[in-house]
Each structure stands twice: as structure tokens, then as C-alpha cells.
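Chemist:
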Amino acid sequence: VILFPNNVSGVSRYADAIWFMSLLNSSNTYYLIDVQALTARMIKQYEIEPIPMGYIIVGEGGAAGYIGQARPIPYDHPEIAVGYSLAGELLGMHFIYLEAGSGAKRPVPPEMVSLVKRHLSIPLIVGGGIRDGVSARRIAESGADIIVTGTLVEETDSVRERIAEIVSQISR
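In terms of the working numbering, the sequence shown opens at residue 2 and continues consecutively.
1. For Leu87, I'd like the list of residues in its chain whose CB is within less than 8 Å of its CB, leaving aside the five on either flank, ordered along the chain.
2. Hey, out of Gly151, Leu91, Val114, whose CA is closest to Ile140's CA?
3. At the level of alpha carbons, what is the spacing between Gly129 and Pro6?
4. Please go through the segment 41-85 and give each complete alpha helix (DSSP H) segment of 4 or more residues, from N-terminal end onward.
5. For the alpha helix (DSSP H) containing Gly144, list its first residue and its last residue.
6. Below 8 Å on the Cβ atoms is my guess for Leu25 versus Gly89; work out the distance and round it to an integer in Å.
7. For my contact list, Lys106 and Glu48 are in at a C-beta cut-off of 8 Å; report their separation, rounded to the angstrom.
8. Return yes when the Cβ of Val12 is within less than 8 Å of the Cβ of Met54, no when it is not.
9. Is Pro51 near Ile81, with beta carbons less than 8 Å apart?
10. Tell me whether Gly128 sits in a helix, a strand or coil according to DSSP, three-state version.
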């Protein structure tokens, strides 16, 4: 079990690992480093494997951007996403996550994904607004190593069928 915590209360002793993330484009230090400092001893005590991840909000940002007080990176400025992504890698993050936000009207643009991926030497996660196989395939072909489809799960009752469609599109 890998936790994707939304706050201090998102840590559980029963987890195997945790995305130990920093919201790199937040204007609030709480999401940059404070919550990590508050949970670090607990994670160490429970022997949960931390997986360092730089979390970057792009586009509209959705609820994650609002709650995390992010300054979302505009879709038409992928070079800014490159800067934040490289900063995360140089700070020691093992993954970078470009997040359009749950329920985003559209996913992270393939151009942004490919530009960021060209500059990184760590895995790239992309999520938010991915509702169909065609969008997922474009994101995968642009260089995403991992695709998150939370929006799809939130908006449909036929999750298995929709996930199967996405997997078949990506596997082509």
C-alpha cells in the first residue's frame, strides 16, 4: 500500500510506502516543507518507505491547486514546468508529478509533458483531466512514465471498462 497523503492525517502505520511530496509551486511553506517536517518522525518510526516526489500544479489546478495555495503553471508556458521539475530533481526528488488537478477540463498538454521529460532523468508522473484512451495515449507518447486517472474514477460508474480502454490505447 502506497499512501498519497493530503495532510498529516494521511499517514498510517499500516502503509508500506508513502509519496513524500513537496508541492513545489505552492506559495505556502506548509506544503513545501512544513507538513513533511511534521510527519517525518512518524514515517521513520512506522518504518514506512518514503518516496520523494516533486508535485507541480499546472493549468487551472483544481481543488489541489486551491487547497495547496499553488501558483499553477500556465499550459502555454512549459518552460516554467521544466524549471520546477529540474529543481525538484536537483533537490533529490525521485519522481516529478505534473498535476492538472482532479476534474480538470483538459489534461496536461503533451507539449509540456515532452519538454519536461526531455530534461529529466527521473520518472515523470502526469495526472488530472485524463478521461479517455486517446488522451492517455498522447500523454504516454509524450513521455509520461506513469499516468494517473483519478478524474475517470470520479466521473464514471463503469471504471473497469474505462480503465481497460485506456490500457488498450496505451498498449498499442
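Where a beta carbon is used, it is the ideal one built from N, C-alpha and C, also for glycine.
Modeler: On the basis of the data shown:
1. His120, Leu121
2. Val114
3. A straight-line Cα-Cα distance of about 17 Å links Gly129 and Pro6.
4. 63-68
5. Gly144 -> no alpha helix (DSSP H), and no H or E assigned at all.
6. The C-beta separation of Leu25 from Gly89 comes to about 5 Å, placing the pair in contact by the 8 Å criterion.
7. Actually they do not touch by this definition, with Cβ atoms about 41 Å apart.
8. no
9. Taking 8 Å as the cut-off, the Cβ atoms of Pro51 and Ile81 do not count as close.
10. For Gly128, the secondary structure class from DSSP, reduced to helix, strand or coil, is strand.
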